[in-house]
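Quick note: the sequence shown, position 176, residue 217 per the working numbering, numbers continuous.
Structure first, then comments.
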Amino acid sequence: MFRFHYRLERSAIGLVAFIILVASIGGLVEIAPLFTIDETVEKAEDMRVYTPLEVAGRNIYIREGCYACHSQMIRTLRDEVDRYGPYSLAVESQYDHPHLWGSKRTGPDLARLGNKYSDAWHTAHLYNPRDLVPESKMPAYRWLLRDQLRIDDLGQHLAALRAVGVPYTDEQIANATQDAYGQANPDSIEASGVAERYGDATNIRQFDGQPSRLTDMDALVAYLQVLGTLTDVAHATQTAEVE
Ligand code: HEC
């Protein structure tokens with residue numbers, strides 16, 4: 042083995058050729074699966090896109106580095122499925138740019154977090170995790186409740202997502218700002234447009250409990266509450282498998 046390396050090092054061309062060969066194996070392993078992507082990603086007719094408020098919340102999730110402690114991918118292992126629910130399917134993150142699967146779990150996986158807790162629980166937990174979970178190591182994110190959410194540029198965010206393949210319509214892009222406002226203000230005129238454009242199952246609520254203000258907290262909680270609920274395909278297919 043070492044003799045082989047010794048001899049290889051004495052032939053410049055041979056060494057270069059061998060390096061290219063070895064490096065290309067890594068490349069192939071990464072590239073080859075992409076040729077079968079059409080079969081890899083399941084079909085989910087009911088899959089919906091994120092609303093502008095949820096996109097804003099997702100951006101805050103990235104900004105605050107939540108992915109450094111939380112994964113969003115349930116593996117197919119028994120203990121994970123028992124703890125978190127049906128394992129994650131590729132289709133569930135097909136509109137995630139960038140994906141937030143994560144590789145570190147200081148805290149629990151969040152892939153099926155939606156509807157697990159109330160909005161008030163999330164708001165209180167993000168404000169100070171130790172008020173609800175005394176032994177928690179999670180940092181407090183108090184400013185989320187204070188800072189006003191920026192919504193005037195959300196149309197551009199949706200347009201950018203459309204450029205990489207998320208099927209937003211012209212109408213959704215044009216109404217992004219008012220839809221973000223409407224989703225967190227159920228009594229406003231803007232609220233009706235949200236259900237019209239994103240479906241009746243969309244959460245239209247006062248997420249952070251401050252009726253007069255639209256904050257970063259509203260957006261982040263709106264996002265957390267839809268994790269794992271954009272399509273029912275994982276529940277539907279995996280319960281069928283068990284039966
Ligand atoms: C330093 C690591 C760390 C960071 C960063 C972090 N968390 Fe956590 N998180 C934890 C730990 C540990 C727990 C478990 C204890 C608890 O519930 O507070 C947790 C729990 C949670 C839970 C409850 C999950 C469940 O199923 O019970 C949610 C929701 C959550 N975090 C959201 C967030 C969000 C959103 C952010 C970013 C704003 C964030 N976390 C950032 C460590 C972290």
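Even for Gly, the Cβ is constructed at its ideal location relative to N, Cα and C.
Q) Under the DSSP definition of a beta bridge, which residues are partnered with threonine 256? A) Gln189
**Q.** Other residues of its chain near asparagine 244: CB distance less than 6 Å, five sequence neighbours each side excluded
**A.** The answer, listed in chain order, is Gln266.
Q. Just to confirm, are glutamine 247 and alanine 221 a CB contact at a threshold of 9 Å?
A. no
Q.
Using CA atoms only, rank isn't needed, just tell me which of Val205, Gly196 and Arg203 is closest to glutamine 219.
A. Gly196
**Q.** 8 Å CB neighbourhood of valine 262 in its chain, flanking five on each side removed
**A.** Gly98, Asp160, His163, Thr164, Leu167, Phe248 and Asp249
Q: Please state whether DSSP places aspartate 288 in a helix, a strand or coil.
A: Because the chain is modelled from 42 through 284, residue 288 falls outside the range shown and cannot be assessed.
Q: Using three-state DSSP, classify threonine 243 as helix, strand or coil.
A: coil
Q | Bounding residues of the alpha helix (DSSP H) (the contiguous stretch that carries histidine 166) | A | 160-168
Q. What's the C-alpha gap between alanine 152 and leucine 56?
A. Distance between the alpha carbons of alanine 152 and leucine 56: 46 Å.
Q. Roughly how many angstroms separate the alpha carbons of threonine 256 and valine 70, rounded to a whole number?
A. If you draw a straight line from the Cα of threonine 256 to the Cα of valine 70, it comes to about 44 Å.
Q: Could you name the residues of the same chain whose beta carbon sits closer than 6 Å to that of glycine 269, not counting the 5 residues immediately before and after it, in chain order?
A: Ala152, Arg153 and Gly155
Q: Could you spell out where the alpha helix (DSSP H) holding alanine 293 opens and where it closes?
A: With the chain covering 42 to 284 only, the question about residue 293 has no answer from this structure.
Q: Please list, in chain order, all residues of the same chain as alanine 131 whose beta carbon is under 8 Å from its beta carbon, the five residues on each side excluded.
A: Thr81, Val82 and Glu83
Q: Evaluate serine 112 with the Cβ neighbour count: other Cβ atoms within 10 Å of its Cβ, from every protein chain shown; 16 or more gives buried, anything less gives exposed.
A: Result: buried.
Q: For arginine 146, count neighbouring Cβ atoms within 10 angstroms of its own Cβ and tell me buried if that reaches 16, exposed if not.
A: exposed
(Q) If you follow the alpha helix (DSSP H) that alanine 131 is in, where does it begin and where does it stop? (A) Per DSSP, alanine 131 belongs to no alpha helix (DSSP H) and is neither H nor E.
Q. Using a C-beta cutoff of 9 Å, does tyrosine 128 count as contacting chain B?
A. The structure shown contains no chain B; it is built from a single protein chain.
(Q) Given a cut-off of 9 Å on the beta-carbon distance, is the pair valine 207 and histidine 138 in contact? (A) yes
**Q.** Nearest-angstrom Cα separation, counted from alanine 73 out to isoleucine 101
**A.** 34 Å
Q.
Among Leu141, Cys110 and Asp172, whose alpha-carbon lies nearest the alpha-carbon of tyrosine 264?
A. Leu141
**Q.** Pair within 9 Å by beta-carbon distance, proline 349 and threonine 280
**A.** Residue 349 lies beyond the stretch modelled for the chain, which goes from 42 to 284, so this question has no answer here.
Q. The ligand HEC heavy atoms versus the CB of tyrosine 305: any closer than 8 Å?
A. The structure shown has nothing for residue 305, since the chain only spans 42 to 284.
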